[in-house]
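Q:
Residue numbers (the working numbering): 2 to 247.
1) Would you list the residues sitting across from residue 37 in a DSSP beta bridge?
2) With a 10 Å radius around its C-beta and 16 neighbouring C-beta atoms as the bar for buried, classify residue 145 as buried or exposed.
3) Mind the definition here: the stretch 65-81 touches the stretch 206-218 only if three or more C-beta pairs lie below 8 Å; say whether that holds.
4) Using CA atoms only, rank isn't needed, just tell me which of 105, 116, 114 is closest to residue 133.
5) When you measure from the CB of residue 112 to every non-hydrogen atom of the ligand ZN, does any distance come out below 6 Å?
6) According to the Cβ coordinates, are residue 211 and residue 35 closer than 7 Å?
7) Should the stretch 141-159 be regarded as contacting the stretch 169-179, the criterion being three or more beta carbon pairs within less than 8 Å?
8) Taking DSSP as the reference, what is the three-state secondary structure of residue 71?
9) Where does residue 92 fall in DSSP's three states?
10) Residue 139: buried (16+ other C-beta within 10 angstroms of its C-beta) or exposed?
11) When you compare each of 233, 20, 42, 9 to residue 126 by their alpha carbons, which one comes out closest?
12) In the DSSP assignment, the beta strand (DSSP E) including residue 159 goes from what residue to what residue?
13) First and last residue of the beta strand (DSSP E) that includes residue 58?
14) With distances taken between CB atoms, is the gap from residue 182 to residue 12 smaller than 7 Å?
15) Please classify residue 238: does DSSP put it in a helix, a strand, or coil?
16) Does the beta-carbon distance from residue 186 to residue 68 come in below 7 Å?
17) Determine the direct distance from the alpha carbon of residue 83 to that of residue 27, and round the result to whole angstroms.
18) Could you tell me the alpha carbon to alpha carbon distance between residue 193 and residue 6, rounded to whole angstroms?
19) Could you check what DSSP says for residue 136 in three-state terms: helix, strand or coil?
Right, here's the structure in full:
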C-alpha cells in the first residue's frame with residue numbers, strides 16, 4: 002500500500018467538467034474523487050445527499066461547528082444533518098474551501114459579466130451555480146427545497162473589519178483536491194464562477210475529475226483523527242453500516 006496516498010493510483014473513471022458546466026452522479030462509498038483545476042479561475046460548487054435516503058443531506062453549519070472552523074480543508078469532513086460523515090477531504094492543495102457563500106445566482110453572474118444566453122452562445126452561455134445545481138438535482142427528483150448551503154472548492158473568501166466577505170483571487174492551475182466518500186452519495190457539481198469572483202471576464206476553469214478506489218481506513222487517519230468530534234462521526238458511520246455485510 003502507498004501510505005502517502007489514500008487511494009490506488011489507477012483511475013477507474015475520468016472526465017473533464019468544462020468551466021461553467023454542471024455534472025451529477027452517484028459516487029460509491031470507498032472511493033476517492035479527485036478534482037484537478039485545469040486553469041486559474043477554478044470553482045466547483047458541490048452538494049451531496051445520501052444516495053440511499055435522499056432526505057439526508059450535506060449540512061454546512063454542523064460541518065463547521067463540529068470541527069471548529071470557518072472553512073473546510075485537508076483533515077476536515079462533510080457532515081450530514083444526521084451526524085454521519087458523508088465525505089472526507091484527504092488532500093487539498095488549495096488549502097481553503099469556502100462554505101459560507103453558496104452557489105452563484107443568475108443575478109450575480111449577469112451583474113458582473115453581463116448576459117450570454119443559450120440562443121446566442123449555445124454551450125458557451127454564461128451559467129450560474131444555483132441554476133446549474135438545480136438542473137442536475139431534478140434528474141433525481143430533487144428541487145430547490147432540497148438544496149441547502151454548498152461547498153465551493155478552490156475558492157477562498159476573507160472578511161474585512163466590518164465582516165463583509167471578499168473573494169481572494171488566486172491561480173488554481175494544477176491544484177488537486179481529493180474527497181474520500183464514506184457513504185454512497187448523489188453528488189451535484191457546478192463549475193460556474195464563485196459568487197464573489199472578481200475576474201474581468203467569464204472564463205471559469207475546466208476541472209478534471211478522476212475516481213479511484215480508496216484504501217481501507219487505517220489505524221491512523223488524517224480526517225477521523227483530526228478532532229474528537231470526527232472520531233464520533235466515524236463511529237456513527239460504523240453503526241449505520243453495521244449490517245451491510247449480513
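Here a beta-carbon is modelled for each residue, glycine too, at the ideal position from N, C-alpha and C.
A: Considering the structure as presented:
1) 177, 209
2) Its Cβ having fewer than 16 others within 10 Å, residue 145 is exposed.
3) no
4) 105
5) Inclusion of the ligand ZN in the displayed structure is not the case, the ligand content being empty and no account of it being possible.
6) For the pair residue 211 and residue 35, the CB atoms are nearer than the 7 Å cut-off.
7) yes
8) coil
9) strand
10) Burial call: exposed.
11) 20
12) 158-160
13) Where residue 58 is concerned, there is no enclosing beta strand (DSSP E), given that its DSSP letter is neither H nor E.
14) no
15) helix
16) In this structure, residue 68 does not lie closer than 7 Å to residue 186 by Cβ.
17) 20 Å
18) 29 Å
19) helix
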